[in-house]
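A quick write-up on the structure given underneath.
Below you can see the structure in the form of structure tokens.
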């Protein structure tokens, strides 16, 4: 069977009718006991398993997924990767992820199609330009790439933007990060799953956690729809459903679940070369390699577990986009969907041990989960393997809420992330 | 070149010919043609290319299900890419370009890619392009992908949007939908009947039927007349594309004349889904060749536009509808062969019939030239009409989270559990004969009066793609997903239906898999030993068909997009030549005159004599009642209940997190009446906050909150000559400083008009805020403007005010504070120490975070490097560690007006205790040096307040 | 577009409403006696139920707060109910 991916193996397999490929991952029966169990087979959960095996040599690991792997927010986002954050803690976290993304295709032997097309976060008023300068300077000091764009720069990267005299959102400039871009979201989940499976991790799909096994005040495993599974440590990476799992474990989290919507247009020839965000218009967009305009906006304002799009947000987001790019009125909406994101009060993630000893959290990513997958996996794996925080994850511990030490990007930069 | 227009028949208007071009060639047609029917009648077969392998493609369908053919359409100034030719009416003068072909569909240069198809199966891109780097390959792949193009020079027309309420929305105006609409309207309901076709009638427009004893066409005409009489709103060319929360249905209406589509938001009491069913293709090798078409589509072209799709036609079916199509084609003059997979199919006179047989492969390269049956029989043909059964159009039911149930006799997913408020009838409910559909209507609708139809029957035998078959069997036409790709997905363990979809892109093309999904999951089931219902379906997501952005955006755009709030005095400002700009959602005068050098001049004028400033957006929320003082003590960080009537006090409102949410001056008009003044961008937020705490903590009916912001205009008069200007403007008030000291409020009059004067200062100079009913403000403005000019002063814009306040060290919330700033950081620690009463955010000020010593604190900055203005957004640096570290940032920076030289404000770590220290600043890669000072750079003693 | 029913104004479109949090999230009184975690519970920690939720909403147009029972999965919402005096 062919396991290694390359142009050569594709040609060889092509001559044999593509019949020799090995399964990307196996579908084993659950074992009664693992060293580590990770609940949630999305990007973060799969990455955690991969780094446990790869970095820490812990391969007796199960990833438990209620549905199908990568079926939650990993497969529902707008595929943007970036580290254009304000606070040093955030930059360290997201830049760790971006750097890992930059080497991920080769590391996993799976093309995640990382496309660093650059991202412009637009400023529409002089006040927003001042704020953009504050952000760019913070990013530069914190060691990631950033430029302050002026109107001419915007014209260069967004030639079809609305520069007309009546534009509601004139582009005075903005924050440019050249290393930002997109990656193929499914490929990230599948690449990690394939690599983890190859290292011996069991990926258990269609396996729903019903309760936690709690003995002596410690989490000792999980009871699932496919039987009891015991483990020394359990990691939780279930995004929008974190509160539900926390309730089963007997505690509450500082998160609220909202639907985050996205949509794609019919594919058209290349017309938008970078990722563009307008906080004013409430819209961001990029064009996929297939030609689809991938468009997103802000959170729905109503807490929700309904994984579906609605009309008012769609209209707002599309209106914003066509105001920015009037010729995009020619496009047609092809698909609309929503993911359920768990939003913390400061919109920063929560990584650390939960109030139930033995159960470790990776949640609260809100709208920013996809871009952080390699870091989220690395940091949760570090916690599970060592029981200790990595330096980068320490500020994101759950204890920050009682201390009041929130990491609120919007508070610092004036730009909601 | 075998399809042809028949001399008679159809609904086309032969007296009204039209011409359009396709890939540069003239196509002739008639009013009543779709683009597709005219193209078909022209005899052209290759009308497009598939997305991946660039294979030649012709029409498969006749409606929204069409997977193959779309074109970029230019019509005068309008340009619309990716138009599905089967749903667009033909119009004279259109210019069509087949999507993503060069030079044209017939001769596309990328057709060679199909030769390499074996090396680029589903998901091949995940396995390669990693060395040296994806960036090397990506541009070429991007350039090849995409269907149509966007014309950046054309902004496209603006679509209308309509909101509508009705008792019942019937989706689908086929015979069953028409009957349902008639029954509902007859029962007195207001009914909207929407259909995505060009006219109501559905299958009656091309299929024979006998209803209530009359021919289908007659029944249709009679029913339409009845519906008109009953006031039913009929929306043709209108696709219900989404069913959203709380029963909202979104529909997109196309227009015959080509103007932009219209979005309908309809909220019916009841939804009746009568959207019919879509015919599936048959799986056999090379089933994607041009000339292979859905049998029902072929029938539709024949009957509606009088286009006979071939001279030598094979009809292949696995169900009982094949025979009717074969008969119709034969009657129209074609030589017809019927290949029916069902062994018991009855022979038809004049038609060669192969019962119990199916097609093994199609022959031909750019068009079908024949077929080979599974028994080896070879039949020559120029058109192959296929029917693999019918997939009910239950998209909206599934969007509403209805559960689908597999029906083994009809081989279709049907609505399972009922969804409240949604009734599925007719073909959408799997009732594929009219007799059956009509018979169930009374029970489904709870109404009498259903028509009757001549009995008929529907029978089908499975014809799913089978694992391991030789040849190339297309499952998804547009995306070139073949049976081998599904097998590859199964082999690699992408067996869940969502993995299948995402890995192979099955069903993700612009047709969203209307013809392909079921065949794909049937094959996956067979490959993995599962029944079809075990495999399940992917999630149904809106929209059912692609919706133009222009429909969704509607009229929003330009000044109609998030409209700015406008000042009552805007006319006066414009007359004075003001440059207007957006500040906190308001359109305000930035400065007066073209040149922004005016800003500093205005500020200096105000320092020298008097400046007039429109401060109307400043929030003015009245809090009234016996408990108002206690209430505001809780709201404010400062103690306010000790304020005397007629007095004013500056204070902060915190969030519960302890962060400064807003600042402003509280005015006590009398014992039980206060005015909360807040930042212009925080009015709604502060108002909601006041209401929230009033209702949460205070007895009802003892506090009343009224937002007077919109009804009140405020003009600030500031400068040494402010009092003189007010006097000269003829305003009646006791302006003597003893009677009217700083931080007090007094009533006054301007002519007959009462107004309120408040002595507060945002500039450091003697200032008066004059608040008046907003519609009377122009008169007051004119009087003050005249008086100020006579004194050497005049109006000043918001940027001049920014200079005046910055050199005084007065902050703007959100600019000089951020979302972490606590009141102590701004130098106001007193209330936390001394205020006994509870207030919002108090507990949070005791948190470790609020009390840590290294917080960013408000300071002033002066350039210490001989340079000019310090850049806003520059960060202070701590250079003591291995890497530079930010210690805060410059928040405001201006040339001084009273102060000689630049002034700046900043939030700097431990800043309050570092006055005099020089720090390094980082700005866009360059360095500056600045000295930390007190925030106030001008008149620190405040002598000018009474100057 | 969801339609919520304000107990004072009747059914109105969703954009007129503001989500106010869990019903019964009482503000701990007593200032410095409140432990850090208890204060954080009130400020930040949420029930975030999947399914039936009892919540406080404000109808921004009339400024009144009310309680509403809502299903966070199906989005079905019962008509809002006026809060009894003193009920948070």
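Chains as they are written, first to last, in the UniProt record's numbering: chain Y, 1 to 417; chain E, 1 to 947; chain C, 1 to 88. Ideal placement from N, C-alpha and C gives every residue a C-beta, glycine not left out.
- Taking C-beta atoms under 8 Å as the contact rule, residue 191 of chain Y and residue 108 of chain Y qualify, at a distance of about 4 Å.
- The C-beta of residue 42 of chain C comes no closer than 8 Å to any C-beta of chain Y.
- Counting only residues of its own chain and dropping the five nearest sequence neighbours on each side, residue 35 of chain Y has a CB closer than 6 Å to the CB of 58, 60, 232.
- The C-beta of residue 680 of chain E comes no closer than 8 Å to any C-beta of chain C.
- The beta carbon of residue 52 of chain C does not come within 8 Å of any beta carbon belonging to chain E, so the residue lies off that interface.
- The beta-carbon distance between residue 18 of chain C and residue 58 of chain C, rounded to whole angstroms, is 5 Å. This is short enough to meet the 8 Å contact definition.
- For residue 585 of chain E, the closest C-alpha among the options E/682, E/537, E/569 is that of E/682.
- Across the structure, residue 706 of chain E and residue 621 of chain E are spaced so that their CA atoms are roughly 6 Å apart.
- Residue 706 of chain E sits in a strand when the DSSP states are folded into three classes.
- Straight-line measurement puts the Cα of residue 313 of chain Y at about 15 Å from the Cα of residue 550 of chain E.
- If you ignore the 5 residues before and after residue 275 of chain E, its C-beta comes within less than 6 Å of the C-beta of 171, 172, 393, 428, all in its own chain and listed in chain order.
- Under the three-state reduction of DSSP output, residue 226 of chain Y falls in the coil class, being neither helix nor strand.
- Not a single CB atom of chain C sits nearer than 8 Å to the CB of residue 737 of chain E.
- Of all residues in the segment 70 to 84 of chain C, the ones placed with a Cβ closer than 8 Å to any Cβ belonging to chain Y are 72, 73, 74, 75, in chain order.
- In the structure shown, residue 59 of chain Y falls within a coil segment according to DSSP collapsed to helix, strand and coil.
- Between the alpha carbons of residue 876 of chain E and residue 746 of chain E lies a distance of about 45 Å.
- Between residue 359 of chain E and residue 336 of chain E, the gap from beta carbon to beta carbon reaches 8 Å or more.
- Against residue 657 of chain E, the close residues of chain C are 43, in the order they occur along the chain (beta-carbon pairs closer than 8 Å).
- Closest by C-alpha distance to residue 887 of chain E, out of E/490, E/910, E/938, E/866, is E/910.
- If you draw a straight line from the Cα of residue 243 of chain Y to the Cα of residue 127 of chain E, it is about 37 Å long.
- Residue E/557 holds the alpha-carbon nearest to the alpha-carbon of residue 157 of chain E among E/208, E/557, E/287.
- In the three-state DSSP reduction, residue 374 of chain Y falls in the helix class (H, G or I).
- By the beta-carbon neighbour count (other beta carbons within 10 angstroms, threshold 16), residue 210 of chain Y is exposed.
- By the neighbour-count criterion, in which a residue is buried when 16 or more other Cβ atoms sit within 10 angstroms of its Cβ, residue 15 of chain C is exposed.
- Nearest neighbour of residue 552 of chain E by Cα position, chosen from Y/323, Y/5, Y/160, turns out to be Y/323.
- Boundaries cannot be given for residue 199 of chain Y, as no beta strand (DSSP E) includes it and DSSP labels it neither H nor E.
- Annotation: Cβ neighbours of residue 60 of chain C in chain E (cutoff 8 Å, chain order): 684, 688.
- Comparing alpha carbon positions, the residue from E/289, E/414, E/420, E/419 closest to residue 426 of chain E is E/414.
- Only exposed fits residue 534 of chain E, as fewer than 16 other CB atoms lie within 10 angstroms of its CB.
- If the five residues before and after residue 471 of chain E are omitted, its C-beta is found closer than 7 Å to the C-beta atoms of 285, 286, 361, all from its own chain and listed in chain order.
- Nearest neighbour of residue 364 of chain E by Cα position, chosen from E/73, E/378, E/374, turns out to be E/378.
- Note that the segment 278 to 297 of chain Y does not touch the segment 337 to 345 of chain Y; fewer than 3 beta-carbon pairs, one per stretch, sit closer than 8 Å.
- Exclusion of the five residues before and after residue 97 of chain E leaves 23, 71, 72 as the residues of its chain whose Cβ lies within less than 7 Å of its Cβ.
- The segment 37 to 44 of chain C makes no contact with the segment 57 to 73 of chain C: fewer than 3 CB pairs, one atom from each, lie closer than 8 Å.
- The beta carbon of residue 36 of chain C sits closer than 8 Å to some beta carbon of chain Y.
- One thing to note: residue 889 of chain E has its Cβ within 8 Å of the Cβ of residue 873 of chain E.
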